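Each protein sequence line maps, in turn, to chains A and B. If you read the first sequence in our numbering, its first letter stands for residue 69, the second for the next number, and so on. If you read the second sequence in our numbering, its first letter stands for residue 1190, the second for the next number, and so on. Before any comments, here is the structure.
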Amino acid sequence: MTVKMEASEGGMPHNTLMIYGIVVAVVGTYLTYLNVVTGIAVFSFFGGIAAIAALWWGSDTIKHLCSYGLGTGVPSAGMVAFGSGAIAMIAGTKFGLASPIVTLILAAILGAVIGYIANSIINMNIPVMVTSLMEMAVVGAMTMLGFAAMCTGTFMFSGLVVGGMTLSMEPSAGAAGGAQTFLVTVLPEFAGSLIGGAALAVIFFLGAMALQHPFNACLGPNESQDRTLMLAIEVGFLSMFVVAVMSYAFLDLVSATVGVAISLIGWFYSYKQYIALSKRDAYDWLDAKPIREVGGDQ
Amino acid sequence: MSALGGAAAGGEGINPTGTVVGIVILLVSIAATYALGFSIIPLIGIIIGGALIGFGVHFVPVGGAPAAMGQAPGIATGVAMLAAGAGLAGLFGGAWAYEATGDFAVAIAGGAVGGGLMMAITCMMVNATYVFAMGIPAASGKVDKDPITGDTFPAYKSQGTEGHGLPFISFFGGVIGGLIAGLGGTLIYIELLEIYHVGLPAIMQADAAAIEPLAISMAGILAIGFFLVNAVLAAYNITGTIEGPHDPKFKRVPRAVIGCAVASAFCGFISMLIVLNTGM
């Protein structure tokens, strides 16, 4: 299958886009730390914004990589991004407050090694392979970290693996006077957490779908950068909405509802924009009305 | 309006420099794992598992978009999707077998059977769709005679196509591919579970029984990640479509085995950092 994937030239330069993507992703993830500073979890939605910024940048990277005609379809790039990103993200969250930065660096190293393997051992010989897979791994890791931070309100390992606390009561040695006393210990409960309950796997595929869809849907002779990137934002908000619904399990009612509201508003806005851009790029369009049901015997 | 670059130059043969650098990365990963005080046995298992995935994916008959239009033999989807389907089915089968029995050999066999079964069902339903819904006979475009059954193809092959449908050799390749890839995926999962089973209670000062669900989930998610990385690398090696073990592209398999082994070694090293005691 040697389908030539055509992509537009021009538009915003890729490096500018990458810098915006990295900065917003890292800053957005750090803004969820306001939850800890203020003690309320309403700032969790910044994680979703960070993830969307990463997806926005990743869609442009996919465009550059896949325009070389890998022969394997655009979705494979999204899969390798999140496969390597998941490994870097879980390892990166171990580093406390430095987690977003460490995740970024770990993912970049991992992506560079995989890119080198694909380019030199597998003999792909594509000039942008190493940098692209490096960017893809960072996008995958930052998207997962952003969505995980949105879902649980924290980007640190302890917050992602401890679902709640259970009290364990054991009868202690009989006290004087025959009164029954209990030894109460607090045990962390792991099965109800984001990673322990494998909710991270849902985030994994939500992000992977959002990353691989935009260019796959828009590629062709008429592809334009702003439309592809608007679709990336739209699918990003759609994934963010699902993550916001998942966050009801981990956050308080108000914080999760804020996330749902922001993602819905963002999705409606970006969807309208995307439809407008699609109409702009289309040669012609017909606003087809639903078929009218004519009642009676007519 | 044009493609941003030229066509991919996926040449044949092994690139000596790249392979040597890759083997150095593999050895450094093993050495770093040893230096950090971990056992290297699980890492060896992960490397073998990754190499098996890279090897197994090449057996799977992948047709891509041309197959959906009946213009090329194979299953009508991409390599990464198909490999992920077979591998994850095997992974779930193996994980369940390991949970139920705790026996290494049974779990590995369960994973292999799970992957093979998934591919057998897929191949059968694909052929049913091709023959009864699309009305096309199975004919390979790469060989004139099926190496196993001896069926001849040229009389059935439509003009202007590379063959169509799913001949027996491709079906056979799919099942073998599912078996090997499922086995590799399960091997990676079990080795990761061994690492976290021992490592997580130690760094989190928690009871081993309480932390069991966390170890299982984490090993599962990371095993999916490992699987996708290896499957996509193998897909890049195939570049598009492959009919099965009789396809000339099958000769490229050593590159994928080396590449997947190196990638698994490095990813395995990173995944061990999770249970490294950083004091945080």
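Cβ coordinates follow ideal geometry from the N, Cα and C atoms, glycine included. Note that the coordinates shown come from a computational prediction; the quantities given were computed from them, not determined experimentally.
List the residues of chain B whose Cβ lies closer than 9 Å to the Cβ of A:Gly214, in chain order.
Position 146 of the first sequence, counted from the first residue, corresponds to residue 214 of chain A. By Cβ distance, chain B contributes nothing, its closest Cβ being about 17 Å from A:Gly214, past 9 Å.
Could you check the C-alpha separation between B:Ile1212 and A:Met147 for me, to the nearest Å?
If you number the second sequence from 1, residue 1212 of chain B lands on position 23. If you number the first sequence from 1, residue 147 of chain A lands on position 79. Looking at the two C-alpha atoms, the distance is approximately 25 Å.
Looking at B:Gly1374 and B:Gly1238, is the spacing between their C-beta atoms short of 9 Å?
Position 49 of the second sequence, counted from the first residue, corresponds to residue 1238 of chain B. Position 185 of the second sequence, counted from the first residue, corresponds to residue 1374 of chain B. Yes, the pair counts as a contact, with Cβ atoms nearer than the cut-off.
Are any of the Cβ atoms in chain A nearer than 9 Å to that of B:Thr1206?
Here residue 1206 of chain B corresponds to residue number 17 of the second sequence, with the count starting at 1. B:Thr1206 belongs to the set of residues whose beta carbon lies under 9 Å from a beta carbon in chain A.
Select from the stretch 1385-1403 of chain B all residues with a C-beta closer than 7 Å to any C-beta belonging to chain A, and list them in chain order.
Listed by position, the residues of the stretch 1385-1403 of chain B near chain A (Cβ gap below 7 Å) are Ala1395, Ala1399, Ile1400, Pro1402, Leu1403.
At least three beta-carbon pairs within less than 8 Å, the stretch 1431-1440 of chain B to the stretch 1407-1414 of chain B:
They do not touch, by the three-pair rule.
With DSSP run on the structure shown, which of helix, strand or coil describes B:Lys1334?
Walking along the second sequence from the start, residue 1334 of chain B turns up at place 145. Strand.
DSSP three-state label for B:Glu1380, please.
The residue given as residue 1380 of chain B occupies position 191 in the second sequence. Look at B:Glu1380 here: in three-state DSSP terms it is helix.
Under 8 Å from the C-beta of B:Ile1410: neighbouring residues of chain A:
The count along the second sequence starts at 1 and reaches residue 1410 of chain B at position 221. Those within 8 Å of B:Ile1410 in chain A are Ala154, Ile158, Ile263, Ala266, Leu268, Ala269, Phe272.
Measuring only the C-alpha atoms, how far is B:Gly1194 from B:Leu1462?
Within the second sequence, numbered from 1, the residue matching residue 1194 of chain B stands at position 5. Within the second sequence, numbered from 1, the residue matching residue 1462 of chain B stands at position 273. The predicted model places B:Gly1194 with a pLDDT of 41, which falls under 50 and marks its position as unreliable; any figure quoted below should be read in that light. Distance between the alpha carbons of B:Gly1194 and B:Leu1462 is about 38 Å.
Alpha carbon to alpha carbon, how far is A:Ser200 from B:Arg1444?
By 1-based counting over the first sequence, the position of residue 200 of chain A is 132. By 1-based counting over the second sequence, the position of residue 1444 of chain B is 255. Looking at the backbone, the Cα of A:Ser200 and that of B:Arg1444 are separated by about 21 Å.
With DSSP as the reference, label A:Ser323 as helix, strand or coil.
Working through the first sequence from its first residue, we reach residue 323 of chain A at position 255. If DSSP states are grouped into helix, strand and coil, A:Ser323 belongs with the helices.
Going by Cα to Cα distance, which pick from B:Leu1417, B:Val1442, B:Ala1423, B:Asn1466 is closest to B:Gly1276?
For the purposes of this step, residue 1276 of chain B is taken as residue 87 along the second sequence, with counting starting at 1. The shortest Cα separation from B:Gly1276 among B:Leu1417, B:Val1442, B:Ala1423, B:Asn1466 belongs to B:Leu1417.
Nearest-angstrom Cα separation, counted from A:Lys347 out to A:Leu354:
Mapped onto the first sequence, residue 354 of chain A falls at position 286. Mapped onto the first sequence, residue 347 of chain A falls at position 279. Going by C-alpha positions, A:Leu354 is about 10 Å away from A:Lys347.
What does B:Phe1455 reach in chain A if we use C-beta pairs closer than 9 Å?
By one-based count along the second sequence, residue 1455 of chain B stands at place 266. Going along chain A in sequence order, the residues near B:Phe1455 (Cβ under 9 Å) are Ile177, Leu178, Val181, Ile182, Ile185.
Using only CA atoms, which one of B:Gly1279, B:Ser1218, B:Ala1327, B:Met1393 lies nearest to B:Asn1466?
Taking the second sequence and counting its residues from 1, one reaches residue 1466 of chain B at position 277. Ranking the options by Cα distance to B:Asn1466, first place goes to B:Met1393.
Run through chain A and tell me which residues come within less than 9 Å of B:Val1246, C-beta to C-beta.
The sequence position of residue 1246 of chain B within the second sequence is 57, counting from 1. Under the 9 Å cutoff, chain A gives no residues; its nearest Cβ is about 11 Å from B:Val1246.
Taking DSSP's pairing of strands, which residues face B:Thr1318 in a bridge?
Position 129 of the second sequence, counted from the first residue, corresponds to residue 1318 of chain B. B:Thr1318 is bridged by DSSP to nothing; it lacks a bridge partner.
Given that A:Pro143 touches chain B, what residues does it touch there, using C-beta distances under 8 Å?
Stepping through the first sequence from its first residue, residue 143 of chain A is reached at position 75. Under the 8 Å cutoff, chain B gives Gly1267, Ala1269, Met1270.
B:Asn1204 and A:Ile189 look like a contact to me (Cβ under 8 Å); what is the Cβ gap, rounded to whole Å?
Taking the second sequence and counting its residues from 1, one reaches residue 1204 of chain B at position 15. Taking the first sequence and counting its residues from 1, one reaches residue 189 of chain A at position 121. With a beta-carbon spacing of about 7 Å, B:Asn1204 and A:Ile189 fall inside the 8 Å limit used to define contacts.
Check whether the stretch 262-282 of chain A touches the stretch 217-232 of chain A, taking contact to mean three or more Cβ pairs, one atom from each stretch, closer than 8 Å.
Touching, yes.
Would you say A:Gly126 reaches chain B, if we count a Cβ-Cβ gap shorter than 9 Å as a contact?
What you label residue 126 of chain A is simply residue 58 of the first sequence in a count that begins at 1. Judged by the 9 Å Cβ criterion, A:Gly126 is not in contact with chain B.
In chain B, which residues lie with their C-beta within 9 Å of the C-beta of A:Ala259?
Against the first sequence, residue 259 of chain A aligns to sequence position 191. Within chain B, the residues whose beta carbon sits less than 9 Å from that of A:Ala259 are Ala1399, Glu1401, Pro1402, Leu1403, Ser1406, listed in sequence order.
Please check the pair B:Gly1243 and B:Cys1449, which I expect to be a contact at CB under 8 Å, by giving their CB distance rounded to whole angstroms.
Numbered from its first residue, the second sequence carries residue 1243 of chain B at position 54. Numbered from its first residue, the second sequence carries residue 1449 of chain B at position 260. With 8 Å as the limit, B:Gly1243 and B:Cys1449 qualify as a contact, their Cβ atoms being about 3 Å apart.
Assumed close pair B:Ser1228, B:Ala1454 - CB separation to whole angstroms, cut-off 8 Å
The residue given as residue 1228 of chain B occupies position 39 in the second sequence. The residue given as residue 1454 of chain B occupies position 265 in the second sequence. Actually they do not touch by this definition, with Cβ atoms about 15 Å apart.
Tell me whether the stretch 272-281 of chain A and the stretch 148-160 of chain A touch, counting them as touching only if at least three CB pairs, one residue from each stretch, are closer than 8 Å.
Touching, yes, given that three or more Cβ pairs across the two stretches are closer than 8 Å.
Please state whether DSSP places B:Thr1341 in a helix, a strand or coil.
Mapped onto the second sequence, residue 1341 of chain B falls at position 152. Secondary structure of B:Thr1341 (DSSP, three-state): strand.
Show which residues of chain A have a CB atom less than 7 Å away from the CB atom of B:Asn1426.
Position 237 of the second sequence holds residue 1426 of chain B. Taking the beta carbon of B:Asn1426 as reference, the chain A residues within 7 Å of it are Ile190, listed in sequence order.
Rounding to the nearest angstrom, what Cα-Cα distance links B:Gly1202 and B:Val1209 in this structure?
Residue numbering aside, residue 1202 of chain B sits at position 13 when the second sequence is read from its first letter. Residue numbering aside, residue 1209 of chain B sits at position 20 when the second sequence is read from its first letter. Each residue's alpha carbon lies about 14 Å from the other.
Quick test of the definition: if touching needs 3 or more C-beta pairs under 8 Å, does the stretch 1285-1293 of chain B touch the stretch 1422-1431 of chain B?
No contact exists between the stretch 1285-1293 of chain B and the stretch 1422-1431 of chain B.
Kindly list the residues whose CB is nearer than 6 Å to the CB of B:Ile1358, restricted to its own chain and excluding five residues on each side of it in sequence; keep chain order.
The residue labelled residue 1358 of chain B in the question sits at position 169 within the second sequence. Closer than 6 Å at the Cβ level, and outside the excluded window around B:Ile1358, lie Asp1335, Pro1336, Ile1337, Gly1433, His1435.
Please classify A:Ser346: does DSSP put it in a helix, a strand, or coil?
Position 278 of the first sequence, counting from 1, holds the residue named residue 346 of chain A. Under the three-state reduction of DSSP output, A:Ser346 falls in the helix class.
C-alpha gap between B:His1247 and A:Trp125, whole angstroms:
One-based indexing of the second sequence puts residue 1247 of chain B at position 58. One-based indexing of the first sequence puts residue 125 of chain A at position 57. Computed Cα separation, rounded: 32 Å.
Taking the alpha-carbon of A:Phe215 as reference, which of A:Leu178, A:Ala276, A:Ala344 has the nearest alpha-carbon?
Residue 215 of chain A sits at position 147 when you count from the first residue of the first sequence. Residue A:Ala276 is the option with its Cα nearest to A:Phe215.
For a cutoff of 9 Å on Cβ pairs, would you count A:Thr140 as touching chain B?
The residue labelled residue 140 of chain A in the question sits at position 72 within the first sequence. Contact with chain B is found for A:Thr140, since one of that chain's Cβ atoms lies less than 9 Å from the residue's Cβ.
In whole angstroms, what is the alpha-carbon distance linking A:Leu85 and A:Gln341?
As a position in the first sequence, residue 85 of chain A is number 17, starting the count at 1. As a position in the first sequence, residue 341 of chain A is number 273, starting the count at 1. Here the alpha carbon of A:Leu85 sits roughly 19 Å from the alpha carbon of A:Gln341.
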